[in-house]
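Engineer: In the working numbering, the protein residues as written are -15 to 121. Dropping the structure in here first, questions after.
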């Protein structure tokens, strides 16, 4: 699985990478603009992301704007949609509803724990369960 982690906080980015690296190839973006560039490059290389973990509060472009741009690109070019899990500290109803209206499939509030993230991935059909212990190291 190819995964894009979009997170401006280095600690959160490393935590997500630790949780997700056993499941596939990880790429990072530290801001919304960088995320869109990586997303488009992956599609142009015919190697799109299967999962995008997207923060909301970031410099340049917020997560809502990035998600709308991703969904617009997918529609415009007839691309299959990546699964998007919003990973954010914002747990108010306007952000949650806004994220789902913009096209996310799941919404996880920080601090993120491994089990919650994996459970959301299971619900999206991305993983069957926990990777073997040897793969998690």
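Each residue gets a CB set at the ideal place from its N, CA and C atoms; glycine is no exception. Everything numeric in this text was worked out from a predicted model, so none of it was measured.
1. Look at the alpha carbon of residue 17 and the alpha carbon of residue 43, and state the distance between them as a whole number of angstroms.
2. Tell me which same chain residues have a C-beta within less than 8 Å of the C-beta of residue 87, skipping the five on either side of it?
3. Taking only beta-carbon positions, decide if residue 105 is within less than 9 Å of chain C.
4. Can you give me the start and stop residues for the alpha helix (DSSP H) that residue 48 sits inside?
5. For residue 105, report the span of its alpha helix (DSSP H) as first-last.
6. Near residue 83, which residues of its chain fall below 6 Å by C-beta distance, leaving aside the five closest residues on each side in sequence?
7. Among -12, 3, -8, whose alpha-carbon lies nearest the alpha-carbon of residue 100?
8. Taking its Cβ as the centre, do 16 or more other Cβ atoms sit within 10 Å of residue 81, making it buried, or is it exposed?
9. Taking the C-alpha atoms as reference points, what is the distance between residue 5 and residue 77?
10. Could you check where the alpha helix (DSSP H) with residue -6 kicks off and where it finishes?
11. In the DSSP assignment, what residue or residues form a beta bridge with residue 35?
12. Rounded to the nearest angstrom, what separates residue 9 and residue 109 at their Cα positions?
13. Could you check whether residue 38 and residue 111 sit closer than 9 Å to each other, using their CB atoms as the reference points?
14. Can you give me the C-alpha to C-alpha distance between residue 41 and residue 22, rounded to a whole angstrom?
Structural biologist: Let's see:
1. Numbered from 1 along the chain shown, position 33 holds the residue referred to as residue 17. Numbered from 1 along the chain shown, position 59 holds the residue referred to as residue 43. Per the coordinates, the alpha-carbon of residue 17 lies some 9 Å from the alpha-carbon of residue 43.
2. Taking the chain shown and counting its residues from 1, one reaches residue 87 at position 103. The residues are 51, 52, 54, 55, 65, 68.
3. No chain C is present in this structure, which holds just one protein chain.
4. What you label residue 48 is simply residue 64 of the chain shown in a count that begins at 1. Segment 47 to 60, the alpha helix (DSSP H) holding residue 48.
5. In the chain shown, the residue the question calls residue 105 occupies position 121. Residues 98 to 107.
6. On the chain shown, residue 83 is found 99 positions in, with the first residue counted as 1. 70, 91, listed in sequence order.
7. Here residue 100 refers to the residue found at position 116 of the chain shown. Residue 3 is the option with its Cα nearest to residue 100.
8. In the chain shown, residue 81 corresponds to position 97, counting from 1. Exposed, since its Cβ has fewer than 16 Cβ neighbours within 10 Å.
9. Within the chain shown, the letter at position 21 stands for residue 5. Within the chain shown, the letter at position 93 stands for residue 77. Approximately 30 Å between the Cα atoms of the pair.
10. On the chain shown, position 10 is the one that residue -6 refers to. For residue -6, the uninterrupted alpha helix (DSSP H) segment begins and ends at -6 to 4.
11. Taking the first residue of the chain shown as position 1, residue 35 is located at position 51. BP columns for residue 35 point to -13, 67.
12. As a first step, residue 9 must be located in the chain shown, where it is residue number 25. As a first step, residue 109 must be located in the chain shown, where it is residue number 125. The straight-line gap from Cα to Cα measures roughly 17 Å.
13. Counting from 1 along the chain shown, the entry for residue 111 is found at position 127. Counting from 1 along the chain shown, the entry for residue 38 is found at position 54. Contact: no.
14. To locate residue 41, count along the chain shown from 1; it is residue 57. To locate residue 22, count along the chain shown from 1; it is residue 38. The alpha-carbon atoms of residue 41 and residue 22 are separated by roughly 18 Å.
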